[in-house]
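Heads up: the structure comes next, in structure tokens.
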Amino acid sequence: MSEFTASSSPKAKSGPDTRTLACTAMLCAVAYVVMYLSKSLFSFMAVAGFLKFDLKDVIIAIGGFLFGPLNVLCVSVAVSFIEMITVSTTGPWGLLMNIISTCTFLCPAAYLYKRNRTFKWAILGLCIGGIFMTGSMMLWNYLVTPIYQGMPRQAIADMLLPVFLPFNLTKGLMNGALTMLLYKPVVVALRKAHLVPESSGQGSKTSTLAVSLVALFLAATAVFLGLVLAKVI
Numbered sequence: 004m005s006e007f008t009a010s011s012s013p014k015a016k017s018g019p020d021t022r023t024l025a026c027t028a029m030l031c032a033v034a035y036v037v038m039y040l041s042k043s044l045f046s047f048m049a050v051a052g053f054l055k056f057d058l059k060d061v062i063i064a065i066g067g068f069l070f071g072p073l074n075v076l077c078v079s080v081a082v083s084f085i086e087m088i089t090v091s092t093t094g095p096w097g098l099l100m101n102i103i104s105t106c107t108f109l110c111p112a113a114y115l116y117k118r119n120r121t122f123k124w125a126i127l128g129l130c131i132g133g134i135f136m137t138g139s140m141m142l143w144n145y146l147v148t149p150i151y152q153g154m155p156r157q158a159i160a161d162m163l164l165p166v167f168l169p170f171n172l173t174k175g176l177m178n179g180a181l182t183m184l185l186y187k188p189v190v191v192a193l194r195k196a197h198l199v200p201e202s203s204g205q206g207s208k209t210s211t212l213a214v215s216l217v218a219l220f221l222a223a224t225a226v227f228l229g230l231v232l233a234k235v236i
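In my numbering, the protein residues as written are 4 to 236.
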């Protein structure tokens with residue numbers, strides 16, 4: 004299978020260069036805007052009244068695929084902190100849950116893709132990350148959600164399988180599919196802005212079209228699953 008990105012990661016250096024820092028700062032800003040807009044636009048899809056679909060992980064995944072898992076951690080912490088002090092009503096507990104959710108999903112994906120930069124490993128990383136995220140959020144929702152939602156722990160325990168499990172799987176599917184769809188055009192735009200290096204490789208047009216079609220199908224599937232979970236349809 005041809006390389007997923009038509010790009011290579013920046014060459015390893017002793018520390019981040021100005022271009023990498025500028026790109027990371029831009030990813031933070033875009034991820035925050037995407038978080039705000041997605042939570043506003045998808046407010047009608049809230050599950051159980053407080054679980055909302057959030058697409059900022061798409062932007063953070065792009066940074067992770069470009070720069071590695073440490074970039075995922077840095078952008079996740081920065082965006083989640085800004086979210087906490089601006090629009091979130093869940094305080095430090097929401098901050099903690101956001102960081103755990105994003106990092107358990109995207110750090111494994113970024114790590115695997117960094118080791119083998121192919122479409123197969125990108126998909127494998129996103130799938131493994133989605134499973135890690137779903138499992139970890141089952142545990143952390145049980146431990147933390149009763150605190151910031153003021154709900155009995157038994158009520159949360161009763162929601163783990165029918166609510167939290169499908170919600171997090173759907174969220175992972177939605178973010179993973181959109182990452183597949185948007186990664187290459189975003190990287191091309193970043194190259195034109197001279198924020199990431201030029202690639203020496205060329206992606207296959209047929210492969211790119213196949214990835215786009217699969218990603219569109221998965222994204223549409225995730226949206227319909229979200230609507231079902233939110234009892235909209």
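Glycine included, every Cβ here is placed at the ideal spot set by N, Cα and C.
Three-state secondary structure (DSSP) of residue i
{"i": "V147", "result": "helix"}
{"i": "V199", "result": "coil"}
{"i": "V50", "result": "strand"}
{"i": "F220", "result": "helix"}
{"i": "V226", "result": "helix"}
{"i": "T8", "result": "Low confidence applies to T8: its pLDDT is 48, below 50, so where it sits in the model is not reliable, and the reading given next is rough at best. It is coil, neither helix nor strand."}
{"i": "F137", "result": "Per the sequence shown, the amino acid found at residue 137 is Thr instead of Phe. T137 falls in the helix class under three-state DSSP."}
{"i": "T121", "result": "coil"}
{"i": "S67", "result": "First, the amino acid is wrong: residue 67 is Gly here, not Ser. Helix, per DSSP."}
{"i": "A15", "result": "Note on A15: pLDDT 44, under 50, position unreliable in the model; the coordinate value appears next. The answer is coil: DSSP assigns A15 none of H, G, I, E or B."}
{"i": "G153", "result": "coil"}
Pair within 9 Å by beta-carbon distance, residue i and residue j
{"i": "L190", "j": "I62", "result": "Note that residue 190 corresponds to Val in the displayed sequence, not to Leu. Not a contact, by the Cβ cut-off of 9 Å."}
{"i": "M48", "j": "G229", "result": "yes"}
{"i": "A113", "j": "G175", "result": "no"}
{"i": "M154", "j": "I103", "result": "no"}
{"i": "C31", "j": "V78", "result": "yes"}
{"i": "M162", "j": "A233", "result": "no"}
{"i": "T89", "j": "D60", "result": "no"}
{"i": "T107", "j": "G132", "result": "yes"}
{"i": "V217", "j": "M183", "result": "yes"}
{"i": "V147", "j": "W96", "result": "yes"}
{"i": "G138", "j": "P111", "result": "no"}
{"i": "N144", "j": "I134", "result": "no"}
{"i": "G67", "j": "L99", "result": "no"}
{"i": "Y35", "j": "I85", "result": "yes"}
{"i": "A282", "j": "M177", "result": "Because the chain spans 4 through 236 in this model, residue 282 falls outside it and cannot be assessed."}
{"i": "V82", "j": "M38", "result": "yes"}
{"i": "F122", "j": "V214", "result": "yes"}
{"i": "N74", "j": "T27", "result": "yes"}
{"i": "L58", "j": "L181", "result": "yes"}
{"i": "F56", "j": "F45", "result": "yes"}
{"i": "L257", "j": "L193", "result": "As displayed, the chain neither begins before 4 nor continues past 236, which places residue 257 out of reach and without an answer."}
C-beta neighbour in chain C for residue i, strict 9 Å
{"i": "L115", "result": "Of the protein chains in this structure there is only one, and it is not chain C."}
Run of the alpha helix (DSSP H) containing residue i, from where it starts to where it stops
{"i": "Y81", "result": "Note that residue 81 corresponds to Ala in the displayed sequence, not to Tyr. Segment 72 to 89, the alpha helix (DSSP H) holding A81."}
{"i": "R118", "result": "94 to 118"}
{"i": "A233", "result": "It is not in any alpha helix (DSSP H) - A233 carries neither H nor E in the DSSP assignment."}
{"i": "D57", "result": "Counting along the chain, D57 falls outside any alpha helix (DSSP H), and DSSP gives it neither H nor E."}
{"i": "D161", "result": "156 to 162"}
{"i": "V33", "result": "21 to 44"}
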